[in-house]
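Residue numbers (the numbering used here): 5 to 280. Don't be surprised by glycine CBs; every beta carbon is placed ideally from N, CA and C. Predicted model only: the values in this text are computed from it and were never measured. Scroll down for the structure; my scribbles are underneath it.
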């Protein structure tokens, strides 16, 4: 729970956290696509790895680094008015510079394995960075009555995304725990312990069973937004994700084919394939 100076400030924090989840979901999906392509590089697969690298770079330039720049011009100056937050902000700025250097590293190399390694490092650092912002920085800003986070965010697409107002989360269940979503490419032939199948080997697997309910849908929306035409994402959920599928259809009507690889009892595995 965020101790904010007003309900509006609390809502503003929630909006930024949801957008953070979308960014993290997209980055995880794109990184996994590059890892999968790099692991199977042989002949024509080199083209797939290069395509995955360029899609990741487009996202980093157009979304991730733009988000970081917006934070530096708005959120961070608001936070440093509190002397206790100054060191935190300095560390966040340093992490932005590392994120930029990792993106530059992925851009500079055409070696698929090196690009995948840089992308994975980028994803890990970004997850850690978002945890600091969500848990430490944003609550501190929201609790300061002299700062209006609501005003700071007005018109800031880079900090909120275009569709955050449409994100409605499903009620919590007892299996929700505060952990990051995990995406893995299951490239082996045998089924995994969580009910994977041979068909998962060509698609990233987004496991949201341990993602807090408040950001679960936003995480999925970010990940599916990164799925290319004719590409797939296997979603692993703690229950039948019908509310999420309805919201996905509202956001992008007719954009995804849906099929179930598993229906409970411990997990529902849903394959989402982009059709347009």
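**Asked** In angstroms, rounded to a whole number, what distance separates the CA positions of residue 143 and residue 137?
**Response** One Cα belongs to residue 143, the other to residue 137, and the distance between them is close to 9 Å.
**Request:** Please classify residue 267: is it buried, with 16 or more other beta-carbons within 10 angstroms of its beta-carbon, or exposed?
**Result:** exposed
**Request:** Taking all protein chains shown into account, decide if residue 236 is buried (16 or more other Cβ within 10 angstroms of its Cβ) or exposed.
**Result:** buried
**Request:** Label residue 262 either buried or exposed according to how many other C-beta atoms from any shown protein chain fall within 10 Å of its C-beta, with 16 as the threshold for buried.
**Result:** Exposed.
**Message:** By the three-class DSSP mapping on this structure, what secondary structure does residue 158 have?
**Reply:** In the structure shown, residue 158 falls within a coil segment according to DSSP collapsed to helix, strand and coil.
**Sequence-distant residues of the same chain with beta carbon closer than 6 Å to residue 42, five excluded per side** = Excluding positions up to five away in sequence, the list reads 53, 116, 117, 120.
**Prompt:** Quick one: what does DSSP say residue 144 is sitting in, helix, strand or coil?
**Reply:** helix
**Message:** Here's a check: name, in chain order, each residue in its chain whose Cβ is nearer than 8 Å to the Cβ of residue 12, leaving out the five neighbours to either side.
**Reply:** 154
**Item:** Reduced DSSP category for residue 257 - H, G, I as helix; E, B as strand; rest coil
**Value:** Note: residue 257 maps to coil in three-state DSSP.
**Asked** Quick one: Cα of residue 216 to Cα of residue 22, how far?
**Response** Answer to the nearest angstrom: the Cα atoms are 11 Å apart.
**Request:** Give the DSSP-derived three-state secondary structure of residue 275 in the structure shown.
**Result:** strand
**Prompt:** Distance, Cα to Cα, residue 111 vs residue 254?
**Reply:** 35 Å
**Prompt:** Going straight from the alpha carbon of residue 76 to that of residue 39, what length do you get?
**Reply:** Cα to Cα, the separation comes out at about 30 Å.
**Asked** Would you say residue 71 touches the ligand NAD, meaning its beta carbon is less than 7 Å from a heavy atom?
**Response** The ligand NAD is not part of the structure shown, which contains no ligands of any sort.
**Request:** Please list, in chain order, all residues of the same chain as residue 329 whose beta carbon is under 6 Å from its beta carbon, the five residues on each side excluded.
**Result:** This structure cannot settle anything about residue 329, because the visible part of the chain is limited to 5 through 280.
**Status (buried if at least 16 other CB within 10 Å, exposed otherwise) for residue 128** = exposed
**Request:** Would you decide whether residue 150 is buried or exposed? Buried here means 16 or more other CB atoms lie within 10 Å of its CB.
**Result:** Exposed: under 16 other Cβ atoms inside 10 Å.
**Request:** Work out the CA separation of residue 156 and residue 247 for me, nearest whole Å.
**Result:** 32 Å
**Item:** Burial state of residue 212 (16 or more Cβ within 10 Å)
**Value:** buried
**Through-space distance from residue 80 to residue 193, alpha-carbon basis** = No answer about residue 193 holds up, because its pLDDT of 28 lies below 50 and its placement is not dependable.
**Prompt:** Would DSSP call residue 139 helix, strand or coil?
**Reply:** helix
**Asked** Among 14, 57, 271, 59, which one has its Cα closest to the Cα of residue 241?
**Response** 271
**8 Å Cβ cutoff met for residue 130 and residue 97** = no
**Asked** If you draw a straight line from the C-alpha of residue 264 to the C-alpha of residue 274, how long is it?
**Response** Looking at the two C-alpha atoms, the distance is approximately 5 Å.
**Distance between beta carbons of residue 74 and residue 162, contact taken as under 8 Å** = 4 Å
**Asked** Going by C-alpha distance, which of 122, 67, 92 is nearest residue 57?
**Response** For residue 57, the closest of 122, 67, 92 by C-alpha to C-alpha distance is 122.
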